[in-house]
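K.L.:
Here you go, one structure.
Residue numbers (UniProt numbering), protein chains in the order written: chain A, 1 to 303; chain B, 1 to 303.
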């Protein structure tokens, strides 16, 4: 099953050097989610060959412009391009008001349903669970209410072990039951254990997204043991005081968190416009957590 | 005096082929105005080497997203980049509400004054007259209230004719008076006519911007005799019915207007995403009005 994230932008408050604001596309078994939607996201989607109308879910972390200002343009373009399918948008309640006000003044009546779900930053909430994945929001600590998100694949059923089953006289119609763990009893009464006829599915993978937060342990329980952690790393650690003042994290702190919560891989982003060269941020994170990568636009990371 | 316009974007409703939404920078004697501000304008400003904080005036034609969705991001970046100077924004009254709502939710208190002036689409209005230029808004006819703008240089004073005046014994302190048309009388009573001591300044140039409008004569009086006319030309004339339905103009109609109102040069833009190749739009306009150019991103047109 495909489970991967593509970076569309990862610059912090002011865009620079052609780097865009935060936006990511999560592909879970070909269901596309957009995570944050900075200005210009619709053009970034085109640049990296994503059809906007394939996006089913949108998750907005908070209402600083660099995380959502591309959303109304995207919603409008979906409308103009004939979208019919529902679009599910998760974000702070004010986002609905912002969208509605702009649709009102442009006198736009969307031709599709925009299903809005207000997130809350006062605790963890399961937002959705479909056949592919579950999404949970949790509070992170920024200047305004802000949520992180954890995306977790659904546990898949085991696969039939063809090598073993082909030699046996088991009707194919029983395979779905066997995959569900139900043993098969043949007409002579012989029992074939489901566990011996199947190969267990891989453990479900998980991805956590922490857009903008001060260094604090408060949200660590929610992101424990995820396979891939995207964490903001706005500054180098030499600016740790500035990071705290602005409710942001340093690259070193991001690495410390990755260690503390036991993730497999760390992706750092939300780079301050003061860093033209991002290598020092990567180097700093790697001193504590070797399996770090930079969230560079256009790159796709398997989870 | 410098009087020129640089195109930052000229695509219509949905961006495509890397073409951006409507935005232009007008430079009048080094005072910068932004005309419309589609999504991504702040990045386009960077791309074409304009410092956003040098922009003094912003003029928004109407509240369709492709003409203003870049404004809140630009306003925020100006704030983050330490702007101190007032920013003057002219646009439909709803724009103020849209800006305020988004600043409210991001808990941003701008460090500079944003001076908002609501435009009205019920007649022509002079919006400003400073030492460099005057700006007038006028109604054009779109699906929602929409204004065009005319930018006209101030009439400059004549220049002193150095060749003539150097041979005469006229104190330099009188030059400013002579430029204002006051004759000089020397101690013997001899009169030197100001008109003979000066070279008339060039006639003031003017630029008209018509963003989105159906073909109608109603606004032609406001754009009569301008030097450069930017006019939308969303479609080829073979789609004239579609143009009318969507309150837009064809390239042929834009050329007809340029002839009718007697402009020197026509700039066409607001290209439909259906046209990857823009040459047919240019060719069509040129059949009626030879001095047409395409409003291509990054190009600067002297007025």
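Ideal Cβ placement from N, Cα and C applies to all residues, glycine included.
For the stretch 34 to 58 of chain B, enumerate the residues whose C-beta is nearer than 8 Å to any C-beta of chain A, in chain order.
P.N.:
39, 40, 42, 43, 46, 47
K.L.:
Looking at C-alpha atoms only, which residue of 219/A, 233/A, 8/A is the closest neighbour of residue 150/A?
P.N.:
219/A
K.L.:
Does the Cβ of residue 24/A have 16 or more other Cβ atoms within 10 Å, making it buried, or fewer, making it exposed?
P.N.:
buried
K.L.:
Could you tell me whether any Cβ in chain B is nearer than 8 Å to the Cβ of residue 147/A?
P.N.:
no
K.L.:
Using beta carbons (cut-off 8 Å, strictly below), is residue 102/B in contact with chain A?
P.N.:
yes
K.L.:
Whose CA, out of 74/A, 253/A, 260/A, lies closest to the CA of residue 269/A?
P.N.:
253/A
K.L.:
Taking residue 230/A as the reference, give the member of 243/A, 213/A, 86/A with the closest Cα.
P.N.:
213/A
K.L.:
Listing by chain order, which chain A residues have their CB less than 7 Å from the CB of residue 76/B?
P.N.:
65
K.L.:
Would residue 198/A and residue 161/A be called neighbours here (beta carbons separated by less than 8 Å)?
P.N.:
yes
K.L.:
Three or more beta-carbon pairs under 8 Å between the stretch 101 to 109 of chain A and the stretch 47 to 54 of chain A, yes or no?
P.N.:
no
K.L.:
Using a C-beta to C-beta distance shorter than 9 Å, which residues of chain B count as neighbours of residue 238/A?
P.N.:
Ordered by position in chain B, no residue passes the 9 Å Cβ test against residue 238/A, which lies about 21 Å from the chain.
K.L.:
So which of 303/A, 249/A, 18/A has the shortest CA-CA distance to residue 264/A?
P.N.:
303/A
K.L.:
Would you mind sorting residue 145/B into buried or exposed? The rule is 16 or more other CB atoms within 10 Å of its CB.
P.N.:
buried
K.L.:
Given a limit of 8 Å on CB to CB distance, which residues of the stretch 202 to 221 of chain A reach chain B?
P.N.:
Listed by position along the chain: nothing, the set is empty.
K.L.:
Can you pull the chain B residues whose beta carbon is under 7 Å from the beta carbon of residue 304/A, in chain order?
P.N.:
Residue 304/A cannot be examined here, being either before or after the span of chain A that is shown, 1 to 303.
K.L.:
Who are the neighbours of residue 140/B on chain A, taking C-beta pairs under 7 Å?
P.N.:
In chain order: nothing, as chain A lies at least about 16 Å away.
K.L.:
Would residue 205/B be called buried (16 or more neighbouring beta carbons within 10 Å of its own) or exposed?
P.N.:
buried
K.L.:
Quick check on residue 17/B: does DSSP put it in helix, strand or coil?
P.N.:
Residue state, collapsed to three classes: coil.
K.L.:
Could you check the C-alpha separation between residue 226/B and residue 207/B for me, to the nearest Å?
P.N.:
6 Å
K.L.:
Comparing C-alpha positions only, which one of 31/A, 234/A, 66/A, 56/A sits nearest to residue 42/B?
P.N.:
Closest by alpha carbon: 66/A.
K.L.:
Along chain B, in chain order, which residues have C-beta atoms closer than 9 Å to that of residue 13/A?
P.N.:
76, 77, 80
K.L.:
Excluding the five sequence neighbours on either side, which residues of its own chain have a C-beta within less than 7 Å of the C-beta of residue 121/A, listed in chain order?
P.N.:
139, 145, 146, 147
K.L.:
With C-beta atoms as the reference, is residue 116/B less than 8 Å away from residue 96/B?
P.N.:
yes
K.L.:
Report the rounded CA-to-CA distance for residue 238/B versus residue 78/A, giving the unit in angstroms.
P.N.:
Rounded to whole angstroms, residue 238/B to residue 78/A spans 26 Å at the Cα level.
K.L.:
Can you list the alpha helix (DSSP H) stretches of 4 or more residues lying completely in the stretch 206 to 291 of chain A, in chain order?
P.N.:
Uninterrupted alpha helix (DSSP H) stretches at least 4 residues long and entirely within the stretch 206 to 291 of chain A occur at 240 to 245, 251 to 261, 279 to 288, given in chain order.
K.L.:
Just list the residues that DSSP pairs residue 170/B with in beta bridges.
P.N.:
DSSP output for residue 170/B lists no bridge partner at all.
K.L.:
Contact check, residue 37/B vs residue 74/B under 8 Å by CB: the rounded distance?
P.N.:
6 Å
K.L.:
Measure from the C-beta of residue 60/A to each C-beta in chain B and report whether the shortest distance is under 8 Å.
P.N.:
No, residue 60/A lies away from the interface with chain B (no Cβ there is under 8 Å from its Cβ).
K.L.:
Residue 192/B and residue 223/B: beta carbons closer than 8 Å?
P.N.:
no
K.L.:
Using only CA atoms, which one of 279/A, 232/A, 300/A lies nearest to residue 13/A?
P.N.:
232/A
K.L.:
Measure the alpha-carbon distance for residue 166/A versus residue 189/A and round it to whole angstroms.
P.N.:
19 Å
K.L.:
Under 7 Å between beta-carbons, which chain A residues line up against residue 166/B? List them in chain order, please.
P.N.:
Those do not exist, as residue 166/B stays about 52 Å from chain A at its closest Cβ, beyond 7 Å.
K.L.:
Any beta-carbon of chain A closer than 8 Å to the one on residue 98/B?
P.N.:
yes
K.L.:
Is the shortest distance between the beta-carbon of residue 32/B and the beta-carbons of chain A less than 8 Å?
P.N.:
no
K.L.:
What does a CB cutoff of less than 6 Å around residue 19/B pick up in its chain, not counting 5 residues either side in sequence?
P.N.:
11
K.L.:
In whole angstroms, what is the alpha-carbon distance linking residue 119/B and residue 99/A?
P.N.:
23 Å
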